[in-house]
Structures are given as structure tokens and as C-alpha cells.
Amino acid sequence: MSKINFCICLILLIHNTGQSQTIDTLINVGNHQLHFEIIKGNDTPILFEAGNGDDGSVWKPILQDIYKATGATLITYDRAGLGKSEIDTTKISFKQEIKNLNKALKKLGYSKNYFLVAHSFGGFYASEFAQRNKGKINGAVFIDVGTPCIITKEWASNYKKSLPADVWVMLKQHRVGLYYLLQNFSTIADYMSTRYISNDIPLTLIVAENLPDSNTLRTEEDRINWVKCLKDFGNLPNHKYVLAKNTDHKVWEKDPKTVIEEITKLYLKIDK
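Under the working numbering, the first residue of the sequence shown carries the number 5, and numbering increases by one thereafter.
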């Protein structure tokens, strides 16, 4: 490879935003590649898990402020079939996604300790990741997450049945990763019913004041359960409950300050 070509490749892989060094790369995990963006820092890396149907770019509005406040390495990625990540439809499963994430992180040089940030159904992914990395999770901030208390096997089955045919067509064309997840939604909910994140891990739960939309919480019982389940989860030992006033499901869109501050406070408290 010529020096010129090498330089071009390097520029494409690593770009300096003027504030921090960012790596944008695809990592091979077998029959497909996962897309990662990493802001290089120090100490324990912060791994972000987006909600259902979202890719890692959803976190961009708050990353630089978190980096400035913590100095930590920040890892965002697109789950299989979302964003720039590919998907192997012959082997796709919830468990396999976590195995592939571990494989990719190891290739990237991150296999010791982690601090987790998760939103919505990303709480299930983060929890399974924690189960497979016991003793390596220093802390977590969960943002308006679904929990096994609300996302039960029965609830997941009913939710899947409620989706009209045109939604399934759209998902298979534009959100193929979410399509396959929802195909197995009740199985995942049943599997995770006893595998949610351990109370041994220090955790801050940030809850939106406004409930998710009626497409998600379809009944009054759903809405009551959502509120109660999150309050119960946030008040468990080793947990902190934070209600973000005047916010919606993606809390950081209307109140980035609270999200940035809570991540920073817990991270600096435990990563001394």
C-alpha cells in the first residue's frame, strides 16, 4: 500500500472532531459486520445501548458533553440490521447478538470493565451483556427502560399480534434487525424474566415524566404498570430513581442536562 493510500484509509477510520478523537469502523463478527463509533478516552469505557429500532447515532447529541465531563472512552454501535451494521439472518437471535457484541469489543481491545448506558429495550440488551460479563460492570444508567415487570411473555406476544401487516413490511425493508427481534419478542421476554441486571451493580434509573405513546402502552393497565414497574425498579437496593420533568421517552431530547449529569455523577463516583 502506498503512503498516500495508507493516509486516506487512516483519515477515513479516525477523524478528529476538534474536541476528541473518534473511530468509525466496521468489525467482522463472523458472517457480518457491526458498525462502531468510539470516542477515545481513558479509564472504564461507557457502552451505550439504544432502544428498539434505533442505531448508535441516537446518542450523538449528548456524547461530547459526557466525554468532556468524564474523559471516558464512549462506545456506541448499531445492532445487527440497524444503521450501518449488517445482519446474518440465518443465525440472528438475541443471545447471538450479545455474543457478537462481546466478540467485537474484544477485537477492539475492550474486554475488562464497562459502564453501561441503556434506553428503552436497550435495557434488556444491557442486562444480558451484564449477565455474560459478571464482575466487569462497574455501574449503569438506564433511561426509561422496559423491564421484565412490564415486558412479560404475554405482553410481548400481544404486542407482536397488535402490529398490522404494513408495519411488518416496513420493518423488514427498513429496520430488519427490529423485524427479527419482534418475531421472537415473547421468547426473549420469557428468557430475560430472570436475567435482568443485578442489584449488585450501582444503577441510576432516569424516568420520563410523559409515558411512551399509545402504540406501545395500549391500555390503561399498561400505563399503570409502566409507572409502577419503573418506580419499583428504581427503588431497589443500590438503585437511584430520577424523574425527569417535562420529558418524553427519549429523555435527553428535552432534558440533556439531567441525563449528562446523572451519567457523569455515577461514573465519577465509582470509577475513581
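Backbone N, C-alpha and C fix where the C-beta goes; we use that ideal spot for every residue, glycine too.
Let me make sure I understand the geometry here. Which of the options has the alpha-carbon closest to that of residue i?
i: A134; options: N214, A160, N56 and L105; result: L105
i: T74; options: K64, V62 and K44; result: K44
i: V145; options: T262, D217 and Q187; result: T262
i: Y118; options: N214, Y245, W63 and G143; result: G143
i: E257; options: L38, D170, K273 and I147; result: I147
i: T251; options: P260, I31, D236 and Y81; result: P260
i: V173; options: G139, Y183 and N162; result: Y183
i: T29; options: N35, H36 and I42; result: I42
i: N32; options: S197, K88, L67 and D47; result: K88
i: I210; options: K254, N188 and P168; result: K254
i: I102; options: R83, G113, Y245 and V171; result: R83
What's the C-alpha gap between residue i and residue j?
i: C13; j: N239; result: Summary for C13: the model assigns pLDDT 41, below 50, so the residue's position carries little reliability; its value from the coordinates is reported in the next sentence. Taking the straight line from one Cα to the other gives about 49 Å.
i: L185; j: L120; result: 21 Å
i: A160; j: Y195; result: 12 Å
i: L247; j: D226; result: 19 Å
i: W218; j: N162; result: It is worth fixing the name first, because residue 218 is Ser in this sequence and not Trp. For S218 and N162, the distance between alpha carbons rounds to 14 Å.
i: K157; j: A193; result: 5 Å
i: K138; j: P49; result: 16 Å
i: N35; j: K249; result: 44 Å
i: Y271; j: V62; result: 21 Å
i: K116; j: F189; result: 30 Å
i: K164; j: T220; result: 11 Å
i: D92; j: G85; result: 8 Å
i: E266; j: K64; result: 17 Å
i: N78; j: L38; result: Before going on, a small fix: residue 78 reads as Leu here, not Asn. Approximately 16 Å, taken between the alpha carbons.
i: L67; j: K99; result: 28 Å
Can you look up residue i in the DSSP assignment and give me helix, strand or coil?
i: I154; result: coil
i: K1; result: Given a span of 5 to 276 for the chain in the structure shown, any question on residue 1 remains unanswerable.
i: D275; result: coil
i: T268; result: helix
i: T251; result: coil
i: I27; result: strand
Problem - Cβ contact check for the region 199 to 209 and the region 176 to 185: 3 or more pairs under 8 Å - result: no
Handout entry: Validate contact between the region 64 to 80 and the region 145 to 160 using beta carbons, cut 8 Å, 3 pairs
Key = no
Problem - Residue ranges of each alpha helix (DSSP H) within the region 179 to 210, 4 or longer - result: 180 to 187 and 189 to 196
Problem - Every unbroken alpha helix (DSSP H) within the region 32 to 102, with a cutoff of 4 residues, ordered by chain - result: 64 to 74
Handout entry: Cβ pair count under 8 Å reaching 3, the region 92 to 111 against the region 213 to 230
Key = no
Handout entry: Cβ contact (3+ pairs, closer than 8 Å) linking the region 48 to 61 and the region 125 to 139
Key = yes
Problem - Length at least 3, wholly inside the region 207 to 246: the beta strand (DSSP E) runs in chain order - result: 207 to 212
Handout entry: Residue ranges of each alpha helix (DSSP H) within the region 124 to 174, 4 or longer
Key = 126 to 135 and 157 to 166
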